[in-house]
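Undergrad: Numbering (the numbering used here), first residue to last: 374 to 929.
Backbone N, C-alpha and C define an ideal beta-carbon position, used for all residues, glycine too.
Structure below; questions to follow.
Pasting the structure below:
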């Protein structure tokens with residue numbers, strides 16, 4: 374098919390190079406492909422939409438086509454994928470984009486709309502509706518329990534297994550087997566059989582795709598391999614963990630969902646009833662659904678029927694006992710750091726909850742640093758709200774800390790008072806560089822420090838240290854929120870002598886315009902004190918919290 378003049382680019386984004394095809398000028402339209410595909414699946418729509426005044430961008434999603442393909446499945450979460458789109462130079466030219474996704478591209482479109490509705494004018498999802506996160510069971514656990522190991526997604530989980538099985542066929546045959554699935558029972562292989570062996574190879578192609586077009590896919594996957602696309606499935610359980618903060622959230626952008634009446638995914642799993650019922654509409658309030666009589670790849674099989682529907686969507690889209698208080702501690706701490714505020718706020722009519730964050734105190738402490746991202750932590754808190762109805766080398770710091778008793782470690786960290794103590798000289802561990810004060814300040818007693826020491830002797834330091842070890846992973850996963858602002862009413866308290874306040878340009882940042890620009894509804898309070906200001910100036914901090922709560926109660 375002649376696409377005319379299209380522009381191919383490789384763009385640096387979110388730590389990888391992303392290949393995109395673009396054409397036209399005007400409002401931005403992102404076309405997101407599925408499995409096993411790349412940008413070429415949108416060949417019918419690229420020219421059509423560009424000719425109607427749109428700037429069409431069809432990326433090869435990470436792991437596919439000519440885009441970079443990280444090896445680890447943990448690099449294929451919906452947060453990585455959404456981040457790739459948000460921080461590209463092309464996307465940043467526009468404040469918002471229309472998003473069209475098919476198969477995995479639809480999954481990404483749903484999550485992009487959920488995570489950054491401020492960047493999505495409207496969503497068109499093809500073949501895959503929005504499925505809310507199961508609050509209890511991980512995806513792969515559910516699939517294995519329901520369908521067994523023969524289910525194609527179950528088989529895709531083991532790194533290398535599907536790749537080895539696919540290698541028994543030429544690439545063109547693999548593409549035919551996946552593109553032309555037409556029976557639901559083909560999705561589950563019999564015991565002892567690989568899914569690729571179970572899938573049929575059609576002797577005659579349907580009229581909507583040619584041998585030459587399938588060969589384009591075969592040639593591209595022969596170049597890039599299948600590991601990248603398969604990693605989308607291998608990251609499904611990690612997606613479940615990371616999406617916990619959005620438990621119960623709705624997709625609020627204007628949305629149109631197109632499904633094929635004969636799509637093999639439409640009748641299994643009760644998808645038809647879900648799409649045509651009230652639950653789906655409740656989760657996506659601004660929803661329009663359309664059914665086209667076809668199989669899974671509607672945009673390829675019936676481009677003429679699909680395209681006017683999409684064009685109409687684009688043109689019409691722009692018409693259109695007391696309050697709970699969570700007290701969250703830092704490092705190296707647990708709930709006890711809030712002992713002053715718990716009683717104070719409870720006495721003023723608030724339901725105060727001070728959790729031990731994961732890895733701390735009496736809470737569970739997963740071993741892997743990848744379990745301590747801000748998404749995991751925020752998800753823990755969302756679960757907590759639902760319940761109430763509303764250092765990088767693993768082991769290094771732990772070994773160094775073990776040379777001291779727990780009380781001494783607590784004194785060294787809780788009582789840091791000099792900026793230069795934050796950086797140890799070459800060859801020295803930070804715990805050895807920190808001073809042990811001979812006299813305690815008046816705001817904390819030996820007995821109170823012993824409470825911390827006893828608790829960390831029980832739980833160890835690995836959990837809290839993993840917060841720091843997850844910082845680079847946080848950077849990767851937070852890409853979808855590049856440039857986003859914190860819009861909730863916010864009060865920020867600092868100690869004037871906090872060692873972190875005069876380090877790294879923090880004082881200038883806090884007192885300048887940049888911080889205020891990122892947090893528009895911001896109040897900053899600077900008290901005379903150090904880092905653990907909620908303990909050192911307990912009454913003043915308690916009063917500042919109460920004043921803030923009372924102000925919000927009046928405003929709301």
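How big is the Cα-Cα spacing for residue 401 and residue 631?
TA: Along the chain shown, one-based indexing puts residue 401 at 28. Along the chain shown, one-based indexing puts residue 631 at 258. Cα-Cα distance, rounded: 20 Å.
Undergrad: So if DSSP puts residue 474 in a beta bridge, which residue, or which two residues, is it bridged to?
TA: Here residue 474 is taken as the residue at index 101 of the chain shown, counted from 1. In DSSP, residue 474 forms a bridge with 405 and 498.
Undergrad: Comparing C-alpha positions only, which one of 505, 485, 830 and 501 sits nearest to residue 613?
TA: Sequence index remark: in the chain shown, residue 613 carries index 240 (1-based). Ranking 505, 485, 830 and 501 by Cα distance to residue 613 puts 505 first.
Undergrad: Less than 8 Å between the C-beta atoms of residue 608 and residue 745, yes or no?
TA: One-based indexing of the chain shown puts residue 608 at position 235. One-based indexing of the chain shown puts residue 745 at position 372. Against a cut-off of 8 Å, the Cβ pair of residue 745 and residue 608 comes out as no contact.
Undergrad: Inspect the beta-carbon positions of residue 730 and residue 697 and report whether they are closer than 8 Å.
TA: By one-based count along the chain shown, residue 730 stands at place 357. By one-based count along the chain shown, residue 697 stands at place 324. Their beta carbons are not under 8 Å apart, which means residue 730 does not touch residue 697 by this criterion.
Undergrad: Looking only at C-alpha atoms, which of 795, 737, 822 and 753 sits nearest to residue 710?
TA: Residue numbering aside, residue 710 sits at position 337 when the chain shown is read from its first letter. If we check each option's Cα against that of residue 710, 822 comes out closest.
Undergrad: So is residue 939 buried or exposed if we call it buried at 16+ other beta carbons inside 10 Å?
TA: Past the edges of the chain, shown from 374 to 929, lies residue 939, and the structure says nothing about it.
Undergrad: Determine contact between the region 425-441 and the region 392-407, defined as no fewer than three beta-carbon pairs at a distance below 8 Å.
TA: With the cut-off at 8 Å, the region 425-441 and the region 392-407 touch.
Undergrad: Is residue 653 helix, strand or coil when you go by DSSP?
TA: Mapped onto the chain shown, residue 653 falls at position 280. Reduced to three states, the DSSP call for residue 653 is helix.
Undergrad: Measuring only the C-alpha atoms, how far is residue 726 from residue 601?
TA: What you label residue 726 is simply residue 353 of the chain shown in a count that begins at 1. What you label residue 601 is simply residue 228 of the chain shown in a count that begins at 1. Going by the C-alpha atoms only, they are around 43 Å apart.
Undergrad: For residue 869, which residues of its own chain have a beta-carbon under 6 Å away from its beta-carbon, when the five flanking residues on both sides are left out?
TA: In the chain shown, counting from the first residue as 1, residue 869 sits at position 496. Excluding sequence neighbours, residue 869 sits near 899 and 901.
Undergrad: Which of the three DSSP states is assigned to residue 399 in this structure?
TA: As a position in the chain shown, residue 399 is number 26, starting the count at 1. In this structure, residue 399 counts as coil in the three-state DSSP scheme.
Undergrad: Distance, Cα to Cα, residue 381 vs residue 584?
TA: Locating residue 381 in the chain shown gives position 8, where the first residue counts as 1. Locating residue 584 in the chain shown gives position 211, where the first residue counts as 1. Using only the alpha carbons, I get a separation of about 24 Å.
Undergrad: For a quick check, are the C-beta atoms of residue 770 and residue 846 less than 8 Å apart?
TA: In the chain shown, the residue the question calls residue 770 occupies position 397. In the chain shown, the residue the question calls residue 846 occupies position 473. Not in contact: residue 770 and residue 846 (Cβ atoms no closer than 8 Å).
Undergrad: Kindly give me the distance between the Cβ atoms of residue 849 and residue 388, rounded to whole angstroms, as I take these residues to be in contact under 8 Å.
TA: If you number the chain shown from 1, residue 849 lands on position 476. If you number the chain shown from 1, residue 388 lands on position 15. Their Cβ separation, rounded to whole angstroms, is 6 Å, which keeps residue 849 and residue 388 in contact under 8 Å.
Undergrad: DSSP puts residue 864 in a beta bridge; with which residues?
TA: Your numbering for residue 864 matches position 491 in the chain shown. 896, per the DSSP bridge assignment.
Undergrad: Are there 16 or more other CB atoms within 10 angstroms of the CB of residue 444, so buried, or fewer, so exposed?
TA: For the purposes of this step, residue 444 is identified with residue 71 of the chain shown, where counting begins at 1. It counts as exposed.
Undergrad: Determine the closest residue to residue 855 out of 558, 455, 624 and 734, with distance taken between C-alpha atoms.
TA: Working through the chain shown from its first residue, we reach residue 855 at position 482. Answer by Cα proximity: 455.
Undergrad: With 16 other CB atoms within 10 Å as the buried threshold, where does residue 861 fall?
TA: For the purposes of this step, residue 861 is taken as residue 488 along the chain shown, with counting starting at 1. Under this definition residue 861 is an exposed residue.
Undergrad: From which residue to which residue does the beta strand (DSSP E) around residue 633 run?
TA: Start at 1 with the first residue of the chain shown, and residue 633 comes out as number 260. Its beta strand (DSSP E) spans residues 628-633.
Undergrad: Tell whether a beta-carbon distance below 8 Å holds between residue 435 and residue 449.
TA: By one-based count along the chain shown, residue 435 stands at place 62. By one-based count along the chain shown, residue 449 stands at place 76. Yes. Within cutoff.
Undergrad: With a 10 Å radius around its C-beta and 16 neighbouring C-beta atoms as the bar for buried, classify residue 479 as buried or exposed.
TA: As a working mapping, residue 479 is identified with position 106 in the chain shown. Buried, by the Cβ-count rule.
Undergrad: Mark residue 685 as exposed unless 16 or more other C-beta atoms lie within 10 angstroms of its C-beta, in which case mark it buried.
TA: Taking the first residue of the chain shown as 1, we reach residue 685 at position 312. Caution is warranted here: a pLDDT of 47 is assigned to residue 685, below 50, making its placement in the model unreliable, and the coordinate value is therefore given only provisionally. Label assigned to residue 685: exposed.
Undergrad: Determine the closest residue to residue 904 out of 699, 871 and 804, with distance taken between C-alpha atoms.
TA: Residue numbering aside, residue 904 sits at position 531 when the chain shown is read from its first letter. Among 699, 871 and 804, the Cα nearest to that of residue 904 is on 871.
Undergrad: In terms of residues, what are the limits of the beta strand (DSSP E) holding residue 716?
TA: Within the chain shown, the letter at position 343 stands for residue 716. Per DSSP, residue 716 belongs to no beta strand (DSSP E); it is in the alpha helix (DSSP H), 712-720.
Undergrad: Let me check you understand the geometry: is the CB of residue 770 closer than 7 Å to at least one non-hydrogen atom of the ligand FMN?
TA: The ligand FMN is absent from the structure shown, which contains no ligand whatsoever.
Undergrad: Let me know if residue 789 comes out buried or exposed under the rule of 16 or more other beta-carbons within 10 Å of its beta-carbon.
TA: Residue 789 sits at position 416 when you count from the first residue of the chain shown. Buried: at least 16 other Cβ atoms inside 10 Å.
Undergrad: Are residue 740 and residue 644 closer than 8 Å when you measure CB to CB?
TA: Here residue 740 refers to the residue found at position 367 when the chain shown is read from its first residue. Here residue 644 refers to the residue found at position 271 when the chain shown is read from its first residue. Cβ atoms of residue 740 and residue 644: not closer than 8 Å.
Undergrad: I'd like to check one pair, residue 472 with residue 487: are the Cβ atoms closer than 8 Å?
TA: As a first step, residue 487 is located in the chain shown; it is residue number 114 there, counting from the start. As a first step, residue 472 is located in the chain shown; it is residue number 99 there, counting from the start. Going by C-beta atoms, residue 487 is not nearer than 8 Å to residue 472.
Undergrad: Pick out whichever of 440, 379, 423 and 410 has its Cα sitting closest to the Cα of residue 391.
TA: Translated into the one-based positions of the chain shown, residue 391 becomes position 18. For residue 391, the nearest C-alpha among the options comes from 440.
Undergrad: What residues are listed by DSSP as bridge partners for residue 380?
TA: The count along the chain shown starts at 1 and reaches residue 380 at position 7. Partner(s): 395.
Undergrad: Express the C-alpha separation of residue 819 and residue 813 in angstroms, rounding to a whole number.
TA: In the chain shown, the residue the question calls residue 813 occupies position 440. In the chain shown, the residue the question calls residue 819 occupies position 446. Using only the alpha carbons, I get a separation of about 8 Å.
Undergrad: Write down the C-beta distance between residue 791 and residue 810 rounded to the nearest angstrom, noting that I regard them as a contact closer than 8 Å.
TA: In the chain shown, counting from the first residue as 1, residue 791 sits at position 418. In the chain shown, counting from the first residue as 1, residue 810 sits at position 437. In fact, because the Cβ distance is near 11 Å, the residues do not count as touching under 8 Å.
Undergrad: What is the rounded straight-line gap between the Cα of residue 406 and the Cα of residue 753?
TA: Numbered from its first residue, the chain shown carries residue 406 at position 33. Numbered from its first residue, the chain shown carries residue 753 at position 380. Each residue's Cα considered, the two are about 32 Å apart.
Undergrad: Checking contacts by CB at 8 Å: is residue 773 closer than that to chain C?
TA: No chain C appears in the structure shown, which is made up of a single protein chain.
Undergrad: I'd like the ranges of any beta strand (DSSP E) spanning at least 3 consecutive residues and lying wholly in the region 830-881.
TA: Counting whole runs of 3 or more residues, the region 830-881 contains the beta strand (DSSP E) stretches 863-868.
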